[in-house]
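Under my numbering, read the sequence shown as residues 12 to 292, first letter to last.
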Amino acid sequence: MLKTLEEPQDLQENHVLFDRLSALDIAAFVVDGIDLSPGAAIPSDGDPRIDRALAGFLFTCGPDHIRHPEAIEGGAEGACYPLHGSLAGTAVSHTEMASDGAECTATIEVALADGGRARVERRWRIDAARHEVVLEDRVVNSGVTAFPPVMMYHLNIGGRLLGDETRIVSASLAGGESAWCFGTGESAHFCLPAAIGSDGWSEVTLADLAGLGGRNLKVRFRADTLPFLQMWRCQRGEANVISIEPVSHRIAKRPELAAAGELTPLQPGEARSYAIAFSVV
Numbered sequence: 012m013l014k015t016l017e018e019p020q021d022l023q024e025n026h027v028l029f030d031r032l033s034a035l036d037i038a039a040f041v042v043d044g045i046d047l048s049p050g051a052a053i054p055s056d057g058d059p060r061i062d063r064a065l066a067g068f069l070f071t072c073g074p075d076h077i078r079h080p081e082a083i084e085g086g087a088e089g090a091c092y093p094l095h096g097s098l099a100g101t102a103v104s105h106t107e108m109a110s111d112g113a114e115c116t117a118t119i120e121v122a123l124a125d126g127g128r129a130r131v132e133r134r135w136r137i138d139a140a141r142h143e144v145v146l147e148d149r150v151v152n153s154g155v156t157a158f159p160p161v162m163m164y165h166l167n168i169g170g171r172l173l174g175d176e177t178r179i180v181s182a183s184l185a186g187g188e189s190a191w192c193f194g195t196g197e198s199a200h201f202c203l204p205a206a207i208g209s210d211g212w213s214e215v216t217l218a219d220l221a222g223l224g225g226r227n228l229k230v231r232f233r234a235d236t237l238p239f240l241q242m243w244r245c246q247r248g249e250a251n252v253i254s255i256e257p258v259s260h261r262i263a264k265r266p267e268l269a270a271a272g273e274l275t276p277l278q279p280g281e282a283r284s285y286a287i288a289f290s291v292v
């Protein structure tokens with residue numbers, strides 16, 4: 012658990028609880044005793060790794076695949092990348108917490124679906140000046156063959172916290188904002204190019220959360236390696252969840268992305284870095 016954050020204006024208390032059995036993703040984000048994660052109110056795709064991950068506040072898909080399974084290029088007949096890639100459900104091999112509780116680092120060794128290897132060097136920290144939690148990931152090709160890294164961060168919020176006034180605010184959206192219940196039907200998603208600020212980061216806010224007394228969840232992400240903002244919602248049966256999903260690639264099949272030159276190989280020993288940050292304000 013990261014050290015308690017305190018917002019001077021209202022003495023807000025935030026706690027981040029990690030899942031060491033799933034890549035040091037976030038099992039719970041608790042604000043003044045209220046967990047933002049959806050818990051059991053999620054749909055199931057039949058993969059127990061993802062059921063566990065989606066119930067938490069944040070999980071990471073990649074580094075070899077994102078979204079739903081697709082065939083492995085040049086692999087055996089019927090061989091597919093797993094749902095949301097190989098990282099989810101991978102236990103950390105090393106963790107270290109700073110003595111003041113404001114930083115936690117981890118190393119995750121990942122067996123890729125195509126037989127390659129990757130190492131995720133993960134750093135969680137508190138930015139006291141901005142009152143936000145920051146995640147910095149460095150993905151290293153630790154294998155002997157190249158692979159194109161892809162990454163997506165799912166920040167999952169329980170729909171029970173939403174209200175009639177809740178909306179999505181971002182320069183990435185046409186007009187700058189949208190109702191939280193976008194699209195049609197019980198489930199919907201979109202993926203847009205991320206609007207980039209002067210600092211090279213993009214920003215999106217889930218504003219006026221009724222279950223948090225009208226406060227806002229603000230998410231920022233480094234747009235050079237996460238150039239798209241994806242969002243998803245599901246209000247189907249017992250499921251009630253909305254997710255903010257900074258992502259490295261647009262929605263398209265892998266062969267299409269490869270043909271367009273958008274799957275950039277990472278050679279053995281090379282690394283690529285990603286970063287996101289979030290806060291309740």
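All residues carry an ideal CB built from backbone N, CA and C; glycine is no exception.
To the nearest angstrom, report how far apart Ala51 and Ala64 are at their CA atoms.
As a position in the sequence shown, residue 51 is number 40, starting the count at 1. As a position in the sequence shown, residue 64 is number 53, starting the count at 1. Each residue's alpha carbon lies about 11 Å from the other.
Let me check one thing: in DSSP terms, what residues is Thr216 bridge-paired to?
Here the question's residue 216 lines up with position 205 in the sequence shown. Answer by DSSP bridge pairing, in chain order: Val180 and Lys229.
Phe201 bridges to which residues according to DSSP?
Mapped onto the sequence shown, residue 201 falls at position 190. Paired residues: Met242.
In terms of DSSP beta bridges, what is Glu107 paired with?
As a position in the sequence shown, residue 107 is number 96, starting the count at 1. In the DSSP output, where bridge partners are listed per residue, Glu107 has Thr116.
With a cut-off of 8 Å on the beta carbons, I'd call Asp219 and Thr177 a contact; round off their distance for me.
Here residue 219 refers to the residue found at position 208 of the sequence shown. Here residue 177 refers to the residue found at position 166 of the sequence shown. With 8 Å as the limit, Asp219 and Thr177 qualify as a contact, their Cβ atoms being about 5 Å apart.
Taking just the CA atoms, how far does Ser33 sit from Thr15?
Mapped onto the sequence shown, residue 15 falls at position 4. Mapped onto the sequence shown, residue 33 falls at position 22. Only weak support exists for where Thr15 lies, its pLDDT of 40 falling under 50; the value from the coordinates is given anyway. About 22 Å.
From this set, Ser97, Ser254 and Leu28, which residue's C-alpha is nearest Val161's C-alpha?
The residue labelled residue 161 in the question sits at position 150 within the sequence shown. Ranking the options by Cα distance to Val161, first place goes to Ser97.
What is the rounded straight-line gap between the Cα of Phe193 and the Cα of Val230?
The residue labelled residue 193 in the question sits at position 182 within the sequence shown. The residue labelled residue 230 in the question sits at position 219 within the sequence shown. One C-alpha to the other measures close to 18 Å.
According to DSSP, is Glu256 part of a helix, a strand, or is it coil?
In the sequence shown, residue 256 corresponds to position 245, counting from 1. It is a strand residue.
Which residues in the same chain have their Cβ closer than 8 Å to the Cβ of Asp36, if we skip the five residues on either side of it in sequence?
As a position in the sequence shown, residue 36 is number 25, starting the count at 1. The beta carbon of Asp36 lies closer than 8 Å to those of Phe29, Asp30, Ala64, Gly67, Leu69, Phe70, Thr71 and Ala99 in the same chain, with the five residues before and after it left out.
When you compare only the Cα positions, how much space is there between Tyr285 and Gly126?
Here residue 285 refers to the residue found at position 274 when the sequence shown is read from its first residue. Here residue 126 refers to the residue found at position 115 when the sequence shown is read from its first residue. So the alpha carbons of these two residues sit roughly 23 Å apart.
Quick one: what's got a C-beta closer than 6 Å to Leu203's C-beta in the same chain, skipping five residues either side?
As a working note, residue 203 is residue 192 in the sequence shown. Closer than 6 Å at the Cβ level, and outside the excluded window around Leu203, lie Ser183 and Leu240.
Taking just the CA atoms, how far does Met163 sit from Ile119?
Along the sequence shown, read from residue 1 onward, the residue named residue 119 stands at position 108. Along the sequence shown, read from residue 1 onward, the residue named residue 163 stands at position 152. Spanning the two alpha carbons is a distance of roughly 16 Å.
In chain order, what residues of the same chain lie with their CB nearer than 7 Å to the CB of Asn152, ignoring the 5 residues before and after it?
Position 141 of the sequence shown, counting from 1, holds the residue named residue 152. Within its own chain, the residues whose Cβ lies closer than 7 Å to the Cβ of Asn152, once the five positions on either side in sequence are excluded, are Ala129, Phe158, Leu277, Gln278, Pro279, Gly280 and Glu281, listed in chain order.
Return helix, strand or coil for Arg60, following the three-state DSSP convention.
The residue you call residue 60 lines up with position 49 of the sequence shown. Three-state result, Arg60: helix.
Tell me the DSSP secondary structure of Leu173 in three-state form.
As a working mapping, residue 173 is identified with position 162 in the sequence shown. Here Leu173 sits in coil by DSSP.
Measure the C-alpha to C-alpha separation of Glu132 and Asp148 and round it to an integer number of angstroms.
Counting from one through the sequence shown, the residue named residue 132 turns up at place 121. Counting from one through the sequence shown, the residue named residue 148 turns up at place 137. Using only the alpha carbons, I get a separation of about 6 Å.
Could you tell me the distance, in whole angstroms, from the CA atom of Glu249 to the CA atom of Arg171?
Here the question's residue 249 lines up with position 238 in the sequence shown. Here the question's residue 171 lines up with position 160 in the sequence shown. Approximately 11 Å between the Cα atoms of the pair.
Can you give the Cα-Cα distance for Pro257 and Glu88, rounded to whole angstroms?
Here residue 257 corresponds to residue number 246 of the sequence shown, with the count starting at 1. Here residue 88 corresponds to residue number 77 of the sequence shown, with the count starting at 1. Cα to Cα, the separation comes out at about 32 Å.
Closest by CA to Thr156, which one among Ser110, Ser198 and Asp75?
By 1-based counting over the sequence shown, the position of residue 156 is 145. When only C-alpha atoms are compared, the closest one is Asp75.
Alpha carbons only, please: which of Ser259, Asn167 and Gly225 is nearest the one belonging to Pro54?
Counting from 1 along the sequence shown, the entry for residue 54 is found at position 43. Of the candidates Ser259, Asn167 and Gly225, the one whose C-alpha sits nearest the C-alpha of Pro54 is Asn167.
For Leu277, does the three-state DSSP call read helix, strand or coil?
In the sequence shown, residue 277 corresponds to position 266, counting from 1. Three-state DSSP puts Leu277 in a strand.
Starting from Arg265 and walking both ways along the alpha helix (DSSP H), at which residues does that stretch end?
In the sequence shown, counting from the first residue as 1, residue 265 sits at position 254. It spans Arg265 to Ala270 - the alpha helix (DSSP H) in which Arg265 sits, taken as one unbroken run.
Grouping DSSP H, G and I as helix and E and B as strand, with all else coil, what is Leu166?
For the purposes of this step, residue 166 is identified with residue 155 of the sequence shown, where counting begins at 1. Strand.
In whole angstroms, what separates the C-alpha of Val150 from that of Arg283?
Looking up residue 150 in the sequence shown gives position 139. Looking up residue 283 in the sequence shown gives position 272. In a straight line, the C-alpha of Val150 is about 5 Å away from that of Arg283.
Could you say which of Gly222, Asp62, Phe40 and Glu84 lies nearest to Arg265 if we only look at CA atoms?
Mapped onto the sequence shown, residue 265 falls at position 254. Among Gly222, Asp62, Phe40 and Glu84, the Cα nearest to that of Arg265 is on Glu84.
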